[in-house]
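Letter by letter, the sequence shown follows residues 336 to 843 in the working numbering. The block underneath contains the structure these notes are about, expressed in structure tokens.
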Amino acid sequence: MEQLGGRHVRQDAVAGKVRRRLAAASVCAVWLLAGFDRPAAQQPQDRLKAAVEALGASKVTSLRLVGSGAAYFVGQSPSPRDPWPRVTVKHYDATIDFGTPAMRIDITRDRGASPPRGGGQPFTGEQRVIEYVNDESAWDVPMAPAAGPASTPRPQPAAATERILQVFLTPHGFLRAAVANYGTSRNVPEGTEVSFSVPPGRRFVGIINARNQVERVRTWNNNPVLGDMVIEATYSDYQAVPGGLQFPMHIVQTQGGYPSLDLRLTSVEANAKADLAIPESIVGAVSPPLRVEIERVADGVLWLTGGSHHSVAIEMRDHVILVEAPLNEPRSEVLLAALKQAIPTKPIRFVVNTHPHFDHAGGLRTFVAEGATVVTHEINRPYFETAWTRSRTLGPDRLSRSGGKAVFQAFRDKHVLTDGGRVVEVHRISGSPHHDGFAMVYLPAEKLLIEGDAYTPAAAAAPAPPSNPTAINLHDNIRRLKLSVARIVPLHGPRVAALDDLTKAIGR
Ligand SMILES: [Zn+2]
């Protein structure tokens, strides 16, 4: 699921500063490269100069890369110990403009006949999309898999920062930025380590090997779950390409320690032309303002919608249980404000997390800082405990500022929260292809089931989406646990559904 939120306005500002600095940097690169003839340069610094010459980094203002390989859905693994789910990349065609900087990636992903376990695959079969970034703007153009008319561009302001980082992770982008940002060099066992920072604090560290090739580049991006998340690119199989360049034909990237992209290139073209202009409809596009809509689905049970990911507040005698804190701190802040207005006298004492996918867990820390105990499946607890001790210099949040520590109630099969009156049951959704530590919440008196990512009801008038193994598994769990469900309150989707809707959706 996309991350939508107010934070992105701030991220865009950060991205803008990074871009302006890098763009300014590339303008003066020629001058700085000329300055390399100065004597008395230190030996590690000579390595940077040698790499710029060997790879032809000063000769290239843009690159077109064509290939295929694999892409992975970051933050969507089927368990805390698994890598990100993989899909095939049938076609990859990227054009990178170092000067602007800007980038266009035409990518066709193919989920194949047997989709991987985990989340983050909002399509079946094949999906083709063209992803753009230019200065502070990012947008996507979804395409029909076969040749067909292009769709309307969709703004993706939240993606701008990472896409710009990608430009400067490339060997040539890295070398150009290293020269222009006065990169410092030192010898390390693997070669020469070159590092530099771009205001307001984006750091790049790369390794240049004895053959004067950029072997690895690393940077960091803010992630609401993992904090300062490492993005690392590894380059191998360098070959000479037209235009006096060398370029690696094998690119592997990791994010948060697991592969995120693995590409074999079939062609590299220097100084390629591409239309990277910002469409009129995208100029100045920002994320829509965050809002929370409240629908009372039962006495003291509030469905909190208004964005891509919903939450549910359950009012207990002297406190509130919140089910799900999705996305990020800005989403949590508007949820918090809405709850303080709707239920002003009761603190949020528990926050139930259905599973640790980034889009469903990125807002938890805000409620921890508010004093809420996290209820999650036992396999997720050590994952959060480790993730939440990492540094958060790129995106400090309420919890990192307060120095507070998370309190958990972890469970294996079932956990009951009660105030003596209302009973709230948290059950494991067992055997789901979506996640091993997957939870749903059941209110027996109200016959309500709260779940996310297992089943998303279609709009009432829309045709039902094709049946999927995750929804079938949810239905199996409801039967196995003999839950008497009347209505399903989903954490995605436009409406509260009847159990019947799920039964029909899975073709039973
Ligand atoms: Zn998920």
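Note that CB positions come from ideal geometry on N, CA and C, so glycine has one too.
Between Val576 and Val603, the CB-CB gap stays under 7 Å.
Ligand 1 never approaches Asp417 closely enough for any of its heavy atoms to be under 6 Å from the residue's Cβ.
Val776 carries a strand assignment under DSSP once its states are collapsed to helix, strand and coil.
For Tyr593, the beta-bridge partners assigned by DSSP are Gln590. Of all residues, those with a beta-carbon under 5 Å from at least one heavy atom of ligand 1 are Gly454, His692, Asp788, reported in chain order. For the 7 Å CB-CB criterion, Val514 and Phe693 do not form a contact. DSSP, read as helix, strand or coil, puts Thr721 in helix. Within its own chain, the residues whose Cβ lies closer than 6 Å to the Cβ of Glu760, once the five positions on either side in sequence are excluded, are Val751, Tyr777, listed in chain order. Counting only residues of its own chain and dropping the five nearest sequence neighbours on each side, Ser802 has a CB closer than 8 Å to the CB of Ala840, Ile841, Gly842. Between His712 and Gly772, the C-beta spacing is below 7 Å. Under the DSSP assignment, Ser616 falls outside any alpha helix (DSSP H); it carries neither an H nor an E label. Taking C-beta separations shorter than 6 Å and ignoring five residues to either side along the sequence, the partners of Glu786 in its chain run Met775, following chain order.
The continuous stretches of beta strand (DSSP E) do not include Phe702, which lies in the alpha helix (DSSP H) extending over residues 699-704. Distances from the alpha-carbon of Asn469 to those of Pro451, Pro492, Gln462, Arg463 put Pro492 closest. Here Val647 is not near Val655, since their CB atoms are 7 Å or more apart. A check of alpha carbon separations from Ile714 across His770, Arg700, Asp445 identifies His770 as the nearest. For His750, the enclosing beta strand (DSSP E) has its first and last residue at 749-753.
Annotated three-state conformation of Val502 is helix, per DSSP. The beta-bridge partner set that DSSP reports for Phe531 consists of Phe539. For Ser737, the uninterrupted alpha helix (DSSP H) run begins and ends at 733-737, by DSSP. The C-beta distance from Ala704 to Gly739 rounds to 6 Å, short enough to fall under 8 Å. In this structure the stretch 588-600 does not touch the stretch 610-625; the number of beta carbon pairs closer than 8 Å is below three. For a cut-off of 8 Å, the C-beta gap from Val824 to Ile813 is around 14 Å, too long to register as a contact. Gly460 sits away from Phe408, with the two beta carbons spaced by 7 Å or more.
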